[in-house]
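See below for the structure under consideration.
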Amino acid sequence: MFCLKVWYAIKKIGLDIPGRNLLTNPEARKELIAGGGRSMVPCLRIDSDGSTQWLYESNDIIAYLEKLDAK
């Protein structure tokens, strides 16, 4: 449910953000756990200025994406 909420927001804004299925892609699952510490989805990895941030809450992800769209 929450993944769909984020996915619809990505499509509505018109961003090209690749999705990864943790059930069919064990490498993506390992990367998520190693980087963000959890295998929870949805998750948005943000690389900026040499640092990485992981957002897990749907509303936080959507708010971040909407800010990108406003720029």
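Counting from 1000, one number per residue, gives the positions in the sequence shown under my numbering. Where is the CB? At the ideal position from N, CA and C, for every residue including glycine. Since we're looking at a predicted model, the values are computed, not measured.
Between which two residues does the alpha helix (DSSP H) holding Leu1031 run? Within the sequence shown, numbered from 1, the residue matching residue 1031 stands at position 32. Looking at the DSSP string, the run of the alpha helix (DSSP H) that includes Leu1031 is 1025–1035.
*Val1040: which of Asn1024, Ser1057, Asp1046 sits nearest, CA to CA?*
As a position in the sequence shown, residue 1040 is number 41, starting the count at 1. It is Ser1057 whose Cα lies nearest to the Cα of Val1040.
Worksheet entry | Residue nearest to Cys1042 in terms of C-alpha spacing, selected from Glu1030, Gly1049, Lys1066, Ser1050 | Stepping through the sequence shown from its first residue, residue 1042 is reached at position 43. Closest option to Cys1042, Cα to Cα, is Glu1030.
How should Leu1064 be labelled, buried or exposed, when 16 other C-beta atoms within 10 angstroms of its C-beta is the threshold for buried? The count along the sequence shown starts at 1 and reaches residue 1064 at position 65. Buried, since its Cβ has 16 or more Cβ neighbours within 10 Å.
Quiz item: Between the beta-carbon of Thr1051 and the beta-carbon of Gly1034, is there less than 9 Å?
Solution: Taking the first residue of the sequence shown as 1, we reach residue 1051 at position 52. Taking the first residue of the sequence shown as 1, we reach residue 1034 at position 35. Their beta carbons are under 9 Å apart, which means Thr1051 touches Gly1034 by this criterion.
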